[in-house]
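Chains as they are written, first to last, in our numbering: chain B, 2 to 504; chain P, 2 to 168; chain R, 2 to 319.
What follows is a short report on a single structure.
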Amino acid sequence: MEILSLLGDGMLVAIQPLNLMLILVGVTLGLFIGAMPGLGSVNGVAILLPVTFLVPPGSAIIFLAAIYYGAMYGGAISSITLGIPGASTAVATTFDGRPLAMMGKARLALVAAAVGSFVGGTVSNILFTGFAPLLATVALSFGPPEIFALMLLAFATFVGLGGDDIAKTVFSICFGLVLATVGFDQISGAPRLVLFDLNGFLGGISFLVLAIGVYGIGEMLWTIESTRGEITKTDADISARGILEDVGESARKGWKGMSIGSFLGFFVGVLPAAGATPASLMSYAITKMSSRRPEEFGKGHVGGVAAPEAGNNSASTGSMLPMLTLGIPGSPTTAILLGGMVIWGLTPGPRLFVDQADFVWGLIGSFYVSNAFALLVNLSFIPLFIWVLRMPFTTLAPLIFVLSVVGGYAAMQDMFDIWLLLVFGFGAFFLRKFDYPLAPAVLAIVLGPIAEPTLRQSLLLSSGDPMIFFSRPISAPIMVVAIILIVMPAFKYLRPRRKRAAR
Amino acid sequence: MRVGEIVTAGVLALLSIYFMYKASANGIGYAVGTGPQGGFWPFWLACGMLASTGVIAFNWVRRASAASRSDEPVLDSHGIKTMVFVGGGIIGFVALIDIVSMYGAVAIFLLYYLKLLGRHSWRLTLPMVFLFPLVLFFFFEGLMQITMPTGLSFTDPVYNVLYDIIY
Amino acid sequence: MNILKSMALGIAALTISAPAAMAEWQPRKPIDFVIMAGPGGGADRIARFIQSVAEKKKLTRRPLIPNNKGGGSGAESLIWLNSTNDPDHTILVTLNSFFTTPIRQPDLGIDIQTFTPIAMMGVDPFALWVHSDSGIETFEQWLEAVRAADGEYVTGGTGTGQEDSIVFAYLDNAFELKTKYIPFDGGGAVAAALAGQQIMATVNNPSEARGFYDSGDLRPLLVFSDEQMDVYPGIPTLKEKGKDFSYYNQRAIVGAPGMSDEAAAYYQKLFEEIYNSEEWQGYLETEAMSPLWMEPDEQRAYWEVQVQTHSDLLARIN
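Listed below in C-alpha cells is the structure:
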C-alpha cells in the first residue's frame, strides 16, 4: 500500500498548477515533435536536459514524462496523415492507417490511434505499478538466445504481412537484413559491407534513411505518378461530435487489438534490447491472425491502427523498467534519461526502487497524468491534422518532400545520408511499380541489428552448437512457436497446389 | 512492364552478387567453436536475395506475376514528366543545400514546386516560400537545437543574425 | 521581406563585429559535440554532463550539441572529425579507442597527432567483476575457477579491441588462462548480462557497474589502477599481485584537425573552467574517476605514449 500512497503523491504533485502547465506544454510539444518525420521522443527528451536547471527537479521529471508521452502519440500522426512512419515504432501503424486516410477516414484513424495509445499507456502503467520488481528479474533471465528467439518470432509474424508475391516478399526481407549489416561488425569490430568503399557507409544505414526514402520520397512519387495528380481528398468533417462518435467506433472495433497490444507490448518492451518496434509489429500480426476476417487488415481496419499503437505505447512505458532497475537503456530515449538521472544524482539499478522510491513513483505518477492529458491534447488537435490533409495535393506534396529531407537531416546530421535517402526513394518508386512490398525491408532493418548479434553471441556461448536455442527453458518454446509460424504459410501455399495436381 | 520486370530482377541480382562479394571479405564460414564469422549473415542473406530474383525470373518466364503480363510502358509520357520535373526538382533541392543552406534550398524548392508545378497564385506561394523556412528554422534550430547546413560562406551574415535571435 | 531586412542587418552586424572577433574568438554557431560512443555509456554520460554544466553556468555563447557517432569502435567519429568542413565548431569526447581504432584500422587514414588537444578531463579505472552468487571472493579463487572451466569460462565486454578486451587479453597472457569472450553493445548491457548470469566475469568501469554493486549483485575482485580505490576498500590491485600493469580509460576532449589556434585557445579555456567547476569535481568523485589535468603539450606527449602502449597490447591480442 506504500506504493499506492507514493503513487498518489506523485499524481498530486503532477496536478499542481505549474506542473500541470508543464504537462500541457510538454505533451503538445511532444505531439508535434513526434509527428515530424525523423524526430521522435529522443529529440524531445534531449532538449529537456538544459531545462532541468530552470525548474525544480520534480517538475523536470514531469515535463520529461509529458514530452515522452506526447511524442509517442505523435508518431502515429505522420504515419496516418503523411504516410511516413516518423519512427520505427510507427511502421505498423501505416499498414491500416494510411488506407483509412486514403478512403477519407483519416479522422477515424487518428482517433483510433489516440485511443489505442491511451489504452496501451494506461494498461502498461498499471502493470508497471503492480509488477515492476518481479518483471526486472524476468528481464535479467533473457540472455542472447532468448532475445534471438523473440526476434525470430517477430520475423515469423510478419512473413504473412507481405504482398501476394512470395519471392518479392522474401527478397525484401533479405534486402533489409543485408542493409542492416552495413557498417561495422559488432562482434569482431571489423568494417563490413562498406559499399563502393564510401566512408559514409561506415556509420551504417539507419532505419530512418530507408523509411523516409521509401515512404516520404518513393511512395509520394508513386502516388503523384499513378494518380495523375487526382488525389481523393478527405471529406471528414471536423466537429467535436464526429470525433466522439469515432472514439466509440474505435473502442467497438478495436478493443481486441488494443487488449492484445497493451499486454503483449508491455512484456516485449520490458525485455532489454527488444523494444517497441517488435512489440507494435507483433501486436498487429497477432491481432490480424486472431481476427475472424484477417483479409480486412491492410485495407483500412480500425483494429490494425489501434493494436500497434497500443503495443508501442505500452512497450515504451515497459522499456523504462530495464532502464530504471538494471541501468540498461533499451532505446536512445531511455539512454538520455539515464544520463539525466546521473545528473540528478540518482543511480539506476536494483536499489533505485528502494533508495529513491519517491523519484520512481513520482515518475510513474506523472506518466498516468501525462497519458490522460496526451489523449485530450491529441484529440483536440485532430482538426488541425485533418486540415493539413485537406490541402490541395500540389501544396501538400512539396511540404512532404521538404519535411522528409529536413527531418532526415535533423536525424542523421550528414548530407551523405540525405543522398542515400534519395537513392532509396527513387529505387523504391520503381520497385513499387513492380509490386515489391517494401514494408518488410523497412522492418528488417530495425530487427536485423538485434537479431544478428544475439544469434552470434548465443553461438559463441555454446561454442557453435545451435542446440543452445532449444535447450534453454525460455528460448525453446519461443523458437518452436516461431518455426511453426514460419512453416505454416509454406504449407498453406503448397496444399492447394497439391490438390490441383491430384485433380 | 514486361521488359522492366526482368531488367529490375537482373539489376537486383547483380546487387545481390555485389553484396555477396563484399560480405565474403569478412569470412563467410561457420568456424568451429565460435559460430558464424562476420560475413556469414550478410552473405547468406544476399544469397537469399539472389535466389528470390531467380524465382522472380522464373515467374517472369511463366508469366505468373502481374507485371510480367502487362504490355504497358513502365513510365508513360506523364510518368516521364513526373520523374523529370518532380524527381529532378528534389535532386536539385538536395544539391542546393550545400550552396544556399538548408533553408535557402527549401525556399527555392517551394517556389519552384508551388509556382511552376502547382501553378498556385503568388498570394499563396510567397507567404509559403518565406514563412515555411522561417518556421522550420525556429522549430529546428531554436527549439530542437539541431543545426542544419548553412551552405557556402556568403550566407553567414544572415545566420549570424538568426543565431543571435535564438541563442 | 523579412530575409532581406535581416540580411541588411546581418551585413551591418558583420562589419561591426569583425574587429571584435579578432580580439577574442567566439563560436558563431552551435558546437558539434561529437561522442565517440553510443548513447548510455560512460563517454555519453560525461558529454551530457558537460553539456549541462556549460548550460547551467552559461559558459558558451552557442550551445554544445551532443552527437553520438559510436560506429566501429569510434571509427565513425574519427572520420567525421577528419572530414568536417568546420573544424572550429567540432569537438570530440574520446576514450581509449581514440588510440586503438587507428592502430587496428590503418586503412581509415587517421593520424591522431593531427587532432587538436583541448582538455584531459580525468581517467576512468577498471575493475574485474563477478556475480556474488558465484561464490568467488578473491582473485586467486577466480584464477582457479577459470582454469577449472578449461576454456568454457565465459567473459563479456564491449568488443574485441575495446578497452576491456585489452585487459582480458593481458590477464589471459599473464596468467595463461583460456576464456571465452562475448561482445555486447555497451558497458550497461555488459553489467546487466553479468547480473543476469549470462556471463561469468567482466572488466568494467566502476560507474557502469555501480547500481549492481550497491545492490550486492556484483562483486569486484581486482582493480587495474595504480593504487587501491577508496570506493572498493580492500580490493587489491593487479600490481599487488605482482604484475606491473595498470589500465585507465581516458576521458578527454579533442578538437578536429585543422582547428584554428584562436578556437583551440577558446575551448581550452572553456574546458579548464568546466574541469575546475564544483560540478565536475563532484562528478569525478561519484563516478570513481581519477582527476588528471594536462596542458595541451602534455596531452600530445601522452598520446604518443598511449599509442605505443596500445600497439604493444594489441599486438599481444593477435
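We put the beta carbon where it would ideally sit given N, CA and C, even for glycine.
Quick caveat, the model's predicted, so the values are computed rather than measured.
- Fully enclosed beta strand (DSSP E) runs of no fewer than 3 residues occupy 202–205, 219–224 of the stretch 189–225 of chain R, in order along the chain.
- Two segments are said to touch when three or more pairs of C-beta atoms, one from each, lie closer than 8 Å; by this definition the stretch 307–322 of chain B touches the stretch 66–81 of chain B.
- DSSP places R:Tyr303 in the helix class (H, G or I) of the three-state scheme.
- Counted as a single uninterrupted DSSP element, the alpha helix (DSSP H) harbouring B:Gly363 occupies residues 358–391.
- If you check the CB distance, B:Tyr70 and B:Ala375 come in under 9 Å.
- Our two residues, B:Met468 and R:Tyr182, have alpha carbons roughly 20 Å apart in a direct line.
- When DSSP assignments are scanned along the stretch 248–299 of chain B, the uninterrupted stretches of alpha helix (DSSP H) that are 4 or more residues long and fall wholly within it turn out to be 277–291.
- DSSP places R:Ile92 in the uninterrupted beta strand (DSSP E) bounded by 91–95.
- Taking 8 Å as the cut-off between beta carbons, the residues of the stretch 99–116 of chain P near chain B are Asp99, Met103, Val107, Phe110, Leu111, Tyr114, Leu115, in sequence order.
- Per the coordinates, the alpha-carbon of B:Ala280 lies some 22 Å from the alpha-carbon of R:Ala193.
- Contact between B:Ala66 and B:Val215 does not hold, since their C-beta atoms are separated by about 32 Å, which reaches or exceeds 8 Å.
- Judged by DSSP in its simplified three-state form, B:Ile206 adopts coil rather than helix or strand.
- Setting aside the 5 residues that flank it on each side, R:Gly42 is surrounded in the same chain by Gly187, Gly188, each with a C-beta closer than 6 Å to its C-beta; the list follows chain order.
- Taking the Cα of B:Gly98 as reference, the smallest distance to any Cα among B:Ala88, B:Ser89, B:Val112 is reached at B:Val112.
- Burial check for B:Ala358: the Cβ neighbour count within 10 Å stays below 16, so the residue is exposed.
- Here R:Trp130 carries a strand assignment [DSSP, helix/strand/coil].
- Residue state for R:Asp45 is assigned as helix, using DSSP reduced to three classes.
- Listed along chain P, the residues sitting closer than 8 Å to B:Asn44 by beta-carbon distance are Met145, Ile147.
- Membership of P:Gly88 in any beta strand (DSSP E) is not indicated, and neither H nor E is assigned to it by DSSP.
- Closest by C-alpha distance to B:Gly266, out of B:Gly87, B:Thr95, B:Asn314, B:Ile16, is B:Asn314.
- One Cα belongs to R:Ala253, the other to R:Gly110, and the distance between them is close to 21 Å.
- Our two residues, R:Leu178 and R:Val204, have alpha carbons roughly 15 Å apart in a direct line.
- Residues of the stretch 341–363 of chain B whose Cβ lies closer than 9 Å to any Cβ of chain R, in chain order: Gly341, Val343, Ile344, Gly346, Thr348, Pro349, Gly350, Pro351, Arg352, Leu353, Val355, Asp356.
- DSSP places R:Tyr154 in the uninterrupted beta strand (DSSP E) bounded by 154–158.
- Counting only runs of 4+ residues, the alpha helix (DSSP H) found wholly inside the stretch 272–302 of chain R occupies 279–287, in chain order.
- The C-alpha of R:Leu222 lies about 10 Å from the C-alpha of R:Gln142.
- Contact of R:Pro184 with chain P is not assigned, every C-beta pair being separated by 9 Å or more.
- Straight through space, the alpha carbons of B:Ala114 and B:Phe368 are spaced by roughly 18 Å.
- Within the stretch 100–114 of chain R, no residue has its Cβ closer than 7 Å to any Cβ of chain P.
- Using a CB distance below 9 Å, the part of the stretch 65–76 of chain R facing chain P consists of Ile66, ordered along the chain.
- Per DSSP, R:Gln251 is one residue of the beta strand (DSSP E) stretching across 249–256.
- Any Cβ of chain P closer than 9 Å to the Cβ of R:Asp215 would place that residue at the interface, and such an atom is absent.
- The C-beta separation of P:Leu153 from P:Ile100 comes to about 6 Å, placing the pair in contact by the 8 Å criterion.
- Residue range 18–36 is occupied by the alpha helix (DSSP H) that includes B:Val26.
- The C-beta distance from B:Leu154 to B:Ile479 rounds to 6 Å, short enough to fall under 8 Å.
- B:Pro273 sits away from B:Ile365, with the two beta carbons spaced by 9 Å or more.
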